[in-house]
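Q: Just so we're aligned, residue 1 is where the sequence shown starts under UniProt numbering, counting upward by one. Using N, Cα and C, we set each Cβ at its ideal position, and we do this for glycine too.
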Amino acid sequence: MDTLTILDRLVGFATVSREPNRPLIDFISDFLAGHGIESEIVEAEDGRKANLFATIGPRDRPGVMLSGHTDVVPVDGQDWSHDPFRLRVADGRAYGRGTADMKGFVASAVALAARASTRDLETPLHLAFSHDEEIGCVGVRSLIDRLAGRPLRPKLAIIGEPTAMAIATGHKGKLAARATCCGVTGHSALAPNALNAIHLACDFVGALRGLQSEIERDGPRDADYDIPYTTLHAGRIAGGTALNIVPERCTIDFEIRNVAEDDPEAILARLMDEAAALVAARRERFPDARIGFERLNDYPGLATPVASEAVAFLRGILGDSALCKVAFGTEGGLFSQRLGIPVLVCGPGSMEQGHKADEFIALDQLAACDRMMERLLDRIAA
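1. Where are the beta strand (DSSP E) runs, 3 residues long or more, that stay fully inside the stretch 34-112, in chain order?
2. By Cβ distance, which residues of its chain are closer than 7 Å to R371, with the 5 residues on each side in sequence left out?
3. Do I37 and I6 come within 7 Å of each other at the CB atom, strictly closer than that value?
4. With H, G and I counted as helix, E and B as strand and the rest as coil, what does DSSP make of D203?
5. Thinking just about the alpha-carbon of each residue, which of G340, A357 and S130 is nearest to the one in R153?
6. Tell me, to the nearest whole angstrom, how far the beta carbon of L52 is from that of S39; I am working on the premise that it is less than 8 Å.
7. Report yes if the C-beta distance between H35 and S117 is below 7 Å; otherwise report no.
8. In terms of alpha-carbon separation, which member of K49, K155 and V110 lies closest to L32?
9. Taking C-beta to C-beta, are L121 and I380 nearer than 7 Å?
10. Report yes if the C-beta distance between P84 and R48 is below 7 Å; otherwise report no.
11. For the putative contact between A362 and G92, defined by C-beta atoms under 8 Å, what is the C-beta separation to the nearest angstrom?
12. Count the CB pairs spanning the stretch 171-186 and the stretch 248-257 that are closer than 8 Å, and state whether there are at least three.
13. Measuring CA to CA, which of G235, A194 and L87 is closest to R209?
14. Among A307, T231 and R59, which residue has its Cα nearest to the Cα of D263?
15. So, with DSSP's three-state summary, where would you put I256?
16. Mark E309 as exposed unless 16 or more other C-beta atoms lie within 10 angstroms of its C-beta, in which case mark it buried.
17. Pull the bridge partners of A179 from the DSSP assignment, please.
18. Determine contact between the stretch 163-170 and the stretch 237-244, defined as no fewer than three beta-carbon pairs at a distance below 8 Å.
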C-alpha cells in the first residue's frame with residue numbers, strides 16, 4: 001500500500017482521544033508483520049489504548065526514530081461537509097479528521113517501513129506511535145519509560161507534526177493547573193454576609209492577568225515564536241448552582257506556556273502567592289476561605305540547538321529547509337528530557353488545517369514527506 005492508501009485506512013479509525021486507538025495500532029502491527037517487522041506493543045492499563053514501537057534493521061546500534069501520535073481531536077459541534085472519518089480526495093487535497101494532525105505523517109512512515117524492510121540498513125529505523133497526545137502528551141510516557149531502561153536509545157527523533165516540511169527546533173513548554181476557590185455560601189439577598197467563590201475566582205483571574213502583563217513587559221523573549229514571551233491563559237471557569245445562592249465553590253482551569261528561559265514552576269509559585277494574599281485579606285471575616293491548586297498536566301518545551309548535528313543531518317536530507325519554532329506543543333520535549341536524544345519536529349501539512357471542520361492535507365505535502373522518507377532511507381541504507 002502507498003501512503004495515500006494507508007492514510008485512507010488510518011482516517012477510518014475514529015481515534016478521538018476519548019475512544020480506543022487499539023484497532024489502529026493492531027492494523028499497523030499487522031501491516032508491519034506482513035513485511036517481516038516485529039512490533040512492540042505498550043498497552044495502557046485497560047488495554048483499550050496502546051503505543052507501538054518497531055525497529056527495522058540492526059539492533060546493536062542507535063537509529064533514527066520517526067514518531068507520531070495516533071489520536072485525534074473530537075469533531076463534536078463542527079460542521080463537516082462529509083464524514084470526517086472517511087477519507088475524501090478532491091482538488092489536490094485529502095480531507096478527513098487527522099489528515100494534517102498527524103496521520104499523514106504516520107501513513108508515510110508506515111509506508112517507508114515496508115520499503116525499508118527490503119533494504120540492508122546500516123543505521124536502524126525506529127517507529128514510535130503513541131496515544132493520548134491531544135490531551136497533554138499522556139500516552140507516550142509509558143513508551144518512554146520502556147525505552148529509558150534500555151542501553152541503546154535512538155540517536156535522533158523526528159516528530160512528524162505538521163510544519164509544512166520546515167524543520168522546527170523548538171516549542172514552548174506547558175503546565176496546566178486548576179485553582180479551586182472556596183467561599184462561604186448564603187442567600188443572595190444577604191450576599192454581603194457570605195463570600196462569593198466566583199468573585200474570589202475573578203480576583204484570582206485578575207492576578208493571573210496582571211502577572212501576564214508583567215511577563216509580556218519584562219519577561220524573557222524568544223523572537224522565533226509568533227508570541228515571543230511566556231503566556232498565561234484562563235481557559236475554563238465553573239461555579240454556582242442557582243442565581244439566588246451565593247456560590248461557595250468555583251474552579252478555574254489555567255495554563256502556562258513558557259519559553260525556554262522562563263521557569264513555569266516559579267510562575268506557578270507566584271500565582272499561588274497571589275492566591276494566598278487574596279485569601280489572607282478575607283480570612284478574618286471568613287476563616288474557611290481558601291484557594292487550592294491541582295496540577296492537571298505538564299510537558300517540557302523543546303530547544304534543539306540550530307548548530308546541532310541533528311539539524312545538519314535533516315537539512316542534508318531536505319536541502320536548505322527553513323528553520324522555525326512552533327507554537328503548539330509536542331512529545332518532543334519528553335523524548336529530549338527523558339531520553340537525552342536530539343529531537344526535531346518536521347512533517348507535512350499545516351496546523352492551520354488541523355482541529356477544524358473539513359481538516360485536510362495537501363497531496364503535494366504528502367508527496368514532499370514521501371520524498372523526505374525516501375532520502376532518509378538512502379542515507380541509512382548500507
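A: Based on what the coordinates show:
1. 39-43, 50-56, 64-69, 88-90 and 93-95
2. Reading the sequence shown from its first residue, position 371 is the one you call residue 371. Hits under 7 Å: none found.
3. The residue you call residue 6 lines up with position 6 of the sequence shown. The residue you call residue 37 lines up with position 37 of the sequence shown. For I6 and I37, no; Cβs fall outside 7 Å.
4. Residue mapping note: residue 203 aligns to position 203 of the sequence shown, counting from 1. If DSSP states are grouped into helix, strand and coil, D203 belongs with the helices.
5. Residue 153 sits at position 153 when you count from the first residue of the sequence shown. If we check each option's Cα against that of R153, G340 comes out closest.
6. The count along the sequence shown starts at 1 and reaches residue 52 at position 52. The count along the sequence shown starts at 1 and reaches residue 39 at position 39. Correct: roughly 5 Å between the Cβ atoms.
7. What you label residue 35 is simply residue 35 of the sequence shown in a count that begins at 1. What you label residue 117 is simply residue 117 of the sequence shown in a count that begins at 1. Going by C-beta atoms, H35 is nearer than 7 Å to S117.
8. One-based indexing of the sequence shown puts residue 32 at position 32. Of the listed residues, the one whose Cα sits closest to L32 is V110.
9. As a working note, residue 121 is residue 121 in the sequence shown. As a working note, residue 380 is residue 380 in the sequence shown. Going by C-beta atoms, L121 is nearer than 7 Å to I380.
10. As a first step, residue 84 is located in the sequence shown; it is residue number 84 there, counting from the start. As a first step, residue 48 is located in the sequence shown; it is residue number 48 there, counting from the start. In this structure, R48 does not lie closer than 7 Å to P84 by Cβ.
11. Within the sequence shown, numbered from 1, the residue matching residue 362 stands at position 362. Within the sequence shown, numbered from 1, the residue matching residue 92 stands at position 92. Right, their Cβ atoms sit about 6 Å apart.
12. yes
13. For the purposes of this step, residue 209 is taken as residue 209 along the sequence shown, with counting starting at 1. When only C-alpha atoms are compared, the closest one is G235.
14. Position 263 of the sequence shown holds residue 263. Taking only the C-alpha atoms, the option nearest D263 is T231.
15. Residue mapping note: residue 256 aligns to position 256 of the sequence shown, counting from 1. I256 falls in the strand class under three-state DSSP.
16. Counting from one through the sequence shown, the residue named residue 309 turns up at place 309. That one is exposed.
17. Locating residue 179 in the sequence shown gives position 179, counting from the first residue. Bridge partners of A179: I252 and F293.
18. no
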